[in-house]
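Structure, as structure tokens:
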Amino acid sequence: MPGASGASGGAGAPGTMPGPTTTPLGDVGSIPIHQLSAREYDNTVRDLMGTTSKPGEAFQSFEAAGFDTLAAAGVMNSRKVADYFSAAGTLAAELFGDATRRASLVTCQPATPTDTSCAEGIIKTFGLKTFRRPLLPAEIADFVVRYQAGLAQQLDHAGALQEVVRIMLASPQFIYRVELDPDATTVHPLSNYELASRLSYLLWSSMPDSSLFAAADGGALNAPDKLMAQVDRMLADAHSRELVDNFAAQWLGARRLDDHVVDTTLYPMWTPALGLTMQQEMGAYFDDFLHGDQTYDHFLTSPVNFVDSKLAAVYGLPDPGSTTLTRVQNTTGQRTGFLGLAGFLTHTSRQDRTAPSIRGKWIVNSLKCMDLELPPNLNPAPLGDPAPGQTVRQVLEAHRANPTCAACHNILDPAGFGLEHFDAIGRYRDNYSNGQPVDSLGMLSDGTTFNGLLELAAGMSKDPGFVACVARKLFVYGLGRTADGSEGYVDQIVTTWQGQGLSLRNLLKAIVVNDTFRSRHGN
Amino acid sequence: MLTRRNVLRGLGVTLGLPFLESLAPGRAIGQTVAPPKRFIPIYFPNGAGVEWWDKPGNGATWDLAPLLRPLAPVKAKTLFIKNLGNYTWRRDLLTMSTPWYSLIPRQDIGTMMPAGAFNTPSHSRDPGAMLTCVDGDGVRQDRKVDVTTSPVNATTADQIIAQGLMGKTPINSMQLGLLNGSGEFDGRNSVFSQNMSWSDPETAMGKELNPQKVFDALVQAGAAAPGQTANPADAAAAARRRALDQSALDSLKASTVALQNQLSMSDKAELDKYLTGVRELEQKVAATTTSMPATAQCKPVARPMATTDANQDPVGRMGVMNDLIVMALQCDMTRVVTYMLDNSRSELVYGHVAKYDFTNDKPATGTAGNYHASQHAGLRNNDFASITNWQVRVAADLAQKLDAVQEGERTLLDNSLLMLFSDMHHGDHAGFDLPMMLLGGAGTFKQGQYVTLTEDPQSCRQYRDLYFTIMNHYFGLGIKSFGDDMRKIPNAEIAEILA
Chain A
85 MPGASGASGG AGAPGTMPGP TTTPLGDVGS IPIHQLSARE YDNTVRDLMG
135 TTSKPGEAFQ SFEAAGFDTL AAAGVMNSRK VADYFSAAGT LAAELFGDAT
185 RRASLVTCQP ATPTDTSCAE GIIKTFGLKT FRRPLLPAEI ADFVVRYQAG
235 LAQQLDHAGA LQEVVRIMLA SPQFIYRVEL DPDATTVHPL SNYELASRLS
285 YLLWSSMPDS SLFAAADGGA LNAPDKLMAQ VDRMLADAHS RELVDNFAAQ
335 WLGARRLDDH VVDTTLYPMW TPALGLTMQQ EMGAYFDDFL HGDQTYDHFL
385 TSPVNFVDSK LAAVYGLPDP GSTTLTRVQN TTGQRTGFLG LAGFLTHTSR
435 QDRTAPSIRG KWIVNSLKCM DLELPPNLNP APLGDPAPGQ TVRQVLEAHR
485 ANPTCAACHN ILDPAGFGLE HFDAIGRYRD NYSNGQPVDS LGMLSDGTTF
535 NGLLELAAGM SKDPGFVACV ARKLFVYGLG RTADGSEGYV DQIVTTWQGQ
585 GLSLRNLLKA IVVNDTFRSR HGN
Chain B
156 MLTRRNVLRG LGVTLGLPFL ESLAPGRAIG QTVAPPKRFI PIYFPNGAGV
206 EWWDKPGNGA TWDLAPLLRP LAPVKAKTLF IKNLGNYTWR RDLLTMSTPW
256 YSLIPRQDIG TMMPAGAFNT PSHSRDPGAM LTCVDGDGVR QDRKVDVTTS
306 PVNATTADQI IAQGLMGKTP INSMQLGLLN GSGEFDGRNS VFSQNMSWSD
356 PETAMGKELN PQKVFDALVQ AGAAAPGQTA NPADAAAAAR RRALDQSALD
406 SLKASTVALQ NQLSMSDKAE LDKYLTGVRE LEQKVAATTT SMPATAQCKP
456 VARPMATTDA NQDPVGRMGV MNDLIVMALQ CDMTRVVTYM LDNSRSELVY
506 GHVAKYDFTN DKPATGTAGN YHASQHAGLR NNDFASITNW QVRVAADLAQ
556 KLDAVQEGER TLLDNSLLML FSDMHHGDHA GFDLPMMLLG GAGTFKQGQY
606 VTLTEDPQSC RQYRDLYFTI MNHYFGLGIK SFGDDMRKIP NAEIAEILA
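Protein sequences appear in the order of chains A and B.
Going by this note's numbering, the first residue of the first sequence is number 85, and it counts up by one from there.
Going by this note's numbering, the first residue of the second sequence is number 156, and it counts up by one from there.
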């Protein structure tokens, strides 16, 4: 582990707040050169150039560890290079083809046919935003050469600048988030511009704005108080909605509703529009904790729903008479918190019925950060559908009679059983469609038994692994690497966070001041 | 504005020559030239509805099982291979607690199979190993990269063959996808579920789902001579455009190399992949200046519409994609096409497939359901079988179209080797007795036969030997070894499938 900082505190910048931790800190971190995700690319060209086109949607896109923001998900190959080169040409042509947008970039004209000082100024200004750092002298010189090559091919001033913009947009300095390692393996603090990009892609899934660039230019961004002030400032900006639409949508599975299918012969109430509303509610619910004043320890117990008329009908709540989401208190006494959201209950169901193991597995993986892998030599008997008069619980209990199956299903199934009062689109039920009564007894990992969602949510909320898990997820999403080998730093983040009150804002602050966020080493 | 589309319109779309017409001048009349050979792996995920897939036969005496009926028109050129597996690459094969070779009953269908044939997580490791025959998890461990998130694998068989054919065609190989079902990725990088080809262990090649981009790449690669450009002003503009492209690519190369000098080793290597892509773009820019005499011998299809949703109109897309593959092979634009019919663990609902009741052998009402869910919905599931049947139809449609194109004394199908395969047996995820058929490959492989290989675990044949046979016996590449076998059995050709 080259340059691992151990207990010394990594880069050791002043003001670090290492909390008490029993785990060795581990590796402060090496993140491979980090290609923008397709979504980050689209957001970035929007903010850079004012375009509404989204070339990234057609790029091949992969994910790892549940997020498309991982550096490992940024697969590079010749097809991708061709896509970038083509998109760069299209975007540059679009920008220069629009008189208003062109005028905002082409802010001067050359004094003489051989004058390059005007072009050089434009190159520096646009180059800083595109490479997310000031251009090096050699880079400026090369872009001037390319500008002149454009003139030599009979392009006019703007046409030659369009060529330069095309090259910049196809450059690795644009399509990757580059963090330099002047000395390959020692831990070193990030530059202020590198840090500005880490902040903006964490909070906005896009490039820094002029204020953040100015802060980086001032050279004091690395100080914890400056970083925390940026979190407050940037969370107040509308761009921070990306933490809902990108981070939470992937982590909480809301994006899975895009492709989720429900058997409408069994659930005639289901429509794709209802699915979209459920997806929006999941975002609004998370946002209540991000921009609202709720703290994460209430994530499973907040009796709040966001409903329109359709979704209110699913919940048995009064019709708000609205086609947009309205924040309401859920007074039915049937459901509470995130685990009661129809979107979650639906995307973890099959198209025709609930599957407690799927719900349980999702909870264990996503809310408790436990990775269960199938036993290596599993020869699984298919889990059949319940026979007439049988419940899905009985099917699973028979499955768990096999000790090999029980090893995982004893962990997976109980949480799922607690949610059996909710059908495959999240409606409350007391009986299955075959008339059998629902049995929602389950057992928590500490051995205490519970009955139903309300007791499950209350019990899980006390589990330290539950609060720690969101920190780990945000760490993985934001740093673009797994936390494996850096567990001590994650513990440190959690400790810092808990000391400041469990708002997601404070979690973001605990992450950005952590050494793993502010420093790196090469490979 | 001189767009490529305008250029094409001006030229009429003309493509490079098919092989027979492009022979070097001066060849003696009557001298025969071997036609090109092609390799077309066609992958379908999730295994097959084996209850209706495999109707035991013996050599030339065999009948198509119900799911294979679409192959009837090309049955005489089909080779059904029974008992080919892909699992002896498992690093832990010899240290399993249940000995890997002990035969255990499949819990659902009851037939026996070696205990070692299960690999988990299978919807990522199995497809990832289908064209490598090595343990991808082991490769990543050896390279000290993260097993669960890294996209590193091994060079795939299709790419070793393509590299052996380097320079013979304008496009070395193509990677195509038909449908793009989403699903979970079984705890690995999603590249193992959605991508088949690695040109080297570091470089997953991705796949193209948009038929219009496939068409444009083919036309660009075989584009007609600039001499045919009617308007000299257009020619001058095209020359300027090439000069600007070249200037841009020069700049990108230089700045990338400069950047690499400030990066650590692994980041440098990542940018090498970027540089490779830039160099390939340079070749494409340069290629438009070289003249390829054009004739109408290979027949271009119409330029397809751009597709934004890869799962829209699957039936129409199947026809278009298959036509494009025929065009690519007929015009000798490429000789290796890796074709992924859907992603591993696809949860796509196959609403375009009419459900068939294979139990009673008659049409059923409704359409097929969720692919992965139906894979695990128990035996004799008609949704799953109907989907498997559709995958066979895609391959059969392609095979028939290739068979309709005469190439010398044979057909394009005869001069191609299609491999229709899946990475698991059926819902049990087993890597033993995998669904497998070869089509075409006339003169090298048996035709119109059902071949049963041994099922003895200690000597049964694995995919690595199939690729070894194709690489050496069909393509003559002189490959010494391919894939891993923990049994320490060296590679050998599979004589039973050779003509």
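Cβ coordinates follow ideal geometry from the N, Cα and C atoms, glycine included.
Opposite residue i in the DSSP bridges: which residues?
{"i": "histidine 33/A", "result": "A question about residue 33/A goes unanswered here, because the residues of chain A that appear run from 85 up to 607."}
{"i": "valine 228/A", "result": "The partner list for valine 228/A (beta bridge, DSSP) is empty, contrary to what the question assumes."}
{"i": "glycine 444/A", "result": "DSSP lists no partner for glycine 444/A."}
{"i": "glycine 214/B", "result": "Tyr605/B"}
{"i": "tryptophan 353/B", "result": "Ala359/B"}
{"i": "leucine 575/B", "result": "Ile197/B and Met592/B"}
{"i": "glutamine 330/B", "result": "Thr493/B"}
{"i": "valine 504/B", "result": "Asn525/B"}
{"i": "glutamate 562/B", "result": "Arg565/B"}
{"i": "glycine 132/B", "result": "In the structure displayed, chain B extends from 156 to 654; residue 132/B sits before or after that span and is not available."}
{"i": "histidine 118/A", "result": "Arg261/A"}
Taking 8 Å as the threshold (C-beta atoms), are residue j and residue i in contact?
{"i": "methionine 574/B", "j": "isoleucine 197/B", "result": "yes"}
{"i": "alanine 540/B", "j": "glycine 265/B", "result": "no"}
{"i": "leucine 132/A", "j": "lysine 208/A", "result": "no"}
{"i": "aspartate 355/B", "j": "threonine 310/B", "result": "yes"}
{"i": "alanine 284/B", "j": "glycine 291/B", "result": "yes"}
{"i": "threonine 489/B", "j": "asparagine 350/B", "result": "no"}
{"i": "leucine 586/A", "j": "leucine 374/A", "result": "no"}
{"i": "valine 165/A", "j": "glycine 432/B", "result": "yes"}
{"i": "glycine 582/B", "j": "aspartate 263/B", "result": "yes"}
{"i": "alanine 308/A", "j": "valine 597/A", "result": "For clarity, residue 308/A is proline in the given sequence; the question names alanine instead. Contact: yes."}
{"i": "glycine 569/A", "j": "aspartate 265/A", "result": "no"}
{"i": "leucine 595/B", "j": "cysteine 486/B", "result": "Note on identity: in this sequence residue 595/B is glycine, with leucine being the wrong assignment. Not in contact: glycine 595/B and cysteine 486/B (Cβ atoms no closer than 8 Å)."}
{"i": "alanine 312/B", "j": "leucine 333/B", "result": "no"}
{"i": "glycine 662/B", "j": "histidine 580/B", "result": "There is simply no residue 662/B to check, as chain B begins at 156 and stops at 654 in what is shown."}
{"i": "glutamate 141/A", "j": "alanine 122/A", "result": "yes"}
{"i": "alanine 300/A", "j": "asparagine 276/A", "result": "yes"}
{"i": "methionine 641/B", "j": "leucine 249/B", "result": "yes"}
{"i": "glycine 572/A", "j": "threonine 107/A", "result": "yes"}
Assuming the contact rule is C-beta atoms closer than 8 Å, residue i and residue j should be a hit. Round their C-beta distance to whole Å, please.
{"i": "tyrosine 429/B", "j": "methionine 252/A", "result": "Incorrect: roughly 15 Å between the Cβ atoms, too far for contact."}
{"i": "serine 406/B", "j": "aspartate 497/A", "result": "Their Cβ separation, rounded to whole angstroms, is 59 Å, which puts serine 406/B and aspartate 497/A out of contact at 8 Å."}
{"i": "glutamate 651/B", "j": "phenylalanine 623/B", "result": "Actually they are not in contact, since the Cβ atoms of glutamate 651/B and phenylalanine 623/B sit about 14 Å apart, beyond 8 Å."}
{"i": "leucine 399/B", "j": "threonine 411/B", "result": "Contact flag wrong, Cβ pair sits at about 19 Å."}
{"i": "tryptophan 207/B", "j": "proline 190/B", "result": "Not really, about 36 Å apart at Cβ, beyond 8 Å."}
{"i": "cysteine 453/B", "j": "methionine 482/B", "result": "7 Å"}
{"i": "valine 504/B", "j": "glycine 521/B", "result": "Not quite, the Cβ-Cβ distance comes to about 11 Å (not below 8 Å), so this is no contact."}
{"i": "isoleucine 634/B", "j": "leucine 572/B", "result": "Not quite, the Cβ-Cβ distance comes to about 16 Å (not below 8 Å), so this is no contact."}
{"i": "phenylalanine 559/A", "j": "alanine 567/A", "result": "5 Å"}
{"i": "arginine 224/B", "j": "aspartate 341/B", "result": "So it is not a contact: roughly 32 Å between Cβ atoms."}
Q: Please list the segments of the beta strand (DSSP E) lying wholly inside the stretch 267-310 of chain B, counting only runs of 3 or more residues, in order along the chain.
A: 267-269
Q | Segment contact flag, the stretch 552-570 of chain A with the stretch 535-542 of chain A, C-beta cutoff 8 Å, min 3 pairs | A | no
Q. Touching or not, the stretch 137-146 of chain A and the stretch 224-235 of chain A, by the rule of three or more beta carbon pairs under 8 Å?
A. no
Q | Whole alpha helix (DSSP H) elements within the stretch 305-372 of chain A, 4-residue minimum | A | 308-319
Q | Meets three-Cβ-pair contact criterion under 8 Å: the stretch 232-246 of chain B and the stretch 532-548 of chain B | A | no
(Q) With three or more C-beta pairs closer than 8 Å as the rule, is the stretch 597-609 of chain B touching the stretch 296-310 of chain B? (A) no
(Q) Could you check whether the stretch 310-326 of chain A touches the stretch 285-293 of chain A, counting it as contact only if at least three pairs of C-beta atoms, one from each stretch, sit closer than 8 Å? (A) yes
Q: Count the CB pairs spanning the stretch 341-361 of chain A and the stretch 420-435 of chain A that are closer than 8 Å, and state whether there are at least three.
A: yes
Q) Does the stretch 377-396 of chain A come close enough to the stretch 404-417 of chain A to have 3 or more Cβ pairs within less than 8 Å? A) yes
**Q.** Entirely enclosed alpha helix (DSSP H) segments - the stretch 409-481 of chain B, minimum 4 residues
**A.** 420-442
Q | Whole runs of the alpha helix (DSSP H) within the stretch 386-457 of chain A, excluding any shorter than 4 residues | A | 393-399, 426-431 and 440-446
Q: Count the CB pairs spanning the stretch 507-520 of chain B and the stretch 352-368 of chain A that are closer than 8 Å, and state whether there are at least three.
A: no
(Q) Threshold first: 4 residues or longer. Then list the alpha helix (DSSP H) segments lying entirely within the stretch 141-217 of chain A, N to C. (A) 162-181, 183-189 and 201-215
Q.
As an exercise, report each continuous alpha helix (DSSP H) stretch of at least 4 residues that is fully enclosed by the stretch 511-560 of chain A, in chain order.
A. 536-545
Q) Using 8 Å as the threshold, is the stretch 163-183 of chain A in touch with the stretch 242-258 of chain A, meaning 3 or more CB pairs across them? A) yes
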